[in-house]
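Student: Next up is a structure, given as structure tokens.
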Amino acid sequence: MAERERFRADKIIELRNLVKVFDGITVVDDVNLNIRKGEFVTFLGPSGCGKTTTLRLIAGFEKPTSGKVFIEGADVTETPYFKDMRCFLISMFLGMWHLA
Ligand SMILES: Nc1ncnc2c1ncn2[C@@H]1O[C@H](COP(=O)(O)OP(=O)(O)OP(=O)(O)O)[C@@H](O)[C@H]1O
Ligand SMILES: [Mg+2]
């Protein structure tokens, strides 16, 4: 497999133009992010900047106002979290997040 193709295939989480608006306030503003196998990613920012909301969007606990969430290349934006494997992985991660 060519290096470029392997790079693409290893993409585990992709956020594409992700937007979340609560009560007219844009909390997640056009976020684009690719997380690849083996990468360790943290969100840093002041309180209320949208870190937890972004994680909840990835987990499927919230639906984005617009944009898409892909897990291993599959568009899971409209998939209820309990219908795929996200809940196991991301709930664990969110749990650790809240303990931190
Ligand atoms: N369900 C909701 N309904 C309305 N507003 C919400 C909701 N969830 C979050 N918000 C608002 O969205 C903004 C971002 O919240 P979020 O919890 O994502 O921030 P955060 O970066 O995780 O902050 P912290 O560092 O304090 O955990 C805040 O202004 C918050 O009040
Ligand atoms: Mg938070």
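According to the numbering used here, the sequence shown is numbered sequentially starting from 764. Idealized CB from N, CA, C, for every residue including glycine. Just so we're clear, the structure is a prediction, and the values are computed from it rather than from any experiment.
Between proline 827 and leucine 781, is the Cβ-Cβ spacing less than 7 Å?
Tutor: Taking the first residue of the sequence shown as position 1, residue 827 is located at position 64. Taking the first residue of the sequence shown as position 1, residue 781 is located at position 18. For proline 827 and leucine 781, yes; Cβs fall inside 7 Å.
Student: Would the beta-carbon of phenylalanine 824 be found less than 6 Å away from any heavy atom of ligand 1?
Tutor: Position 61 of the sequence shown, counting from 1, holds the residue named residue 824. No, ligand 1 has no heavy atom inside 6 Å of this Cβ.
Student: May I have all residues whose beta carbon comes closer than 6 Å to any heavy atom of ligand 3, sorted in chain order?
Tutor: Ligands displayed in this structure: ligand 1 and ligand 2; ligand 3 is not among them.
Student: Label threonine 816 either buried or exposed according to how many other C-beta atoms from any shown protein chain fall within 10 Å of its C-beta, with 16 as the threshold for buried.
Tutor: Against the sequence shown, residue 816 aligns to sequence position 53. Buried, by the Cβ-count rule.
Student: Is glycine 823 closer than 7 Å to valine 790 when the C-beta atoms are compared?
Tutor: One-based indexing of the sequence shown puts residue 790 at position 27. One-based indexing of the sequence shown puts residue 823 at position 60. Contact: no.
Student: Could you tell me which of Ala837, Ile788 and Asn795 sits nearest to glycine 811, measuring between CA atoms?
Tutor: For the purposes of this step, residue 811 is taken as the residue at position 48 of the sequence shown. Nearest option by C-alpha distance: Ile788.
Student: Do you know offhand how far threonine 840's Cα is from valine 832's?
Tutor: Here residue 840 corresponds to residue number 77 of the sequence shown, with the count starting at 1. Here residue 832 corresponds to residue number 69 of the sequence shown, with the count starting at 1. Rounded to the nearest angstrom, the two C-alpha atoms are 5 Å apart.
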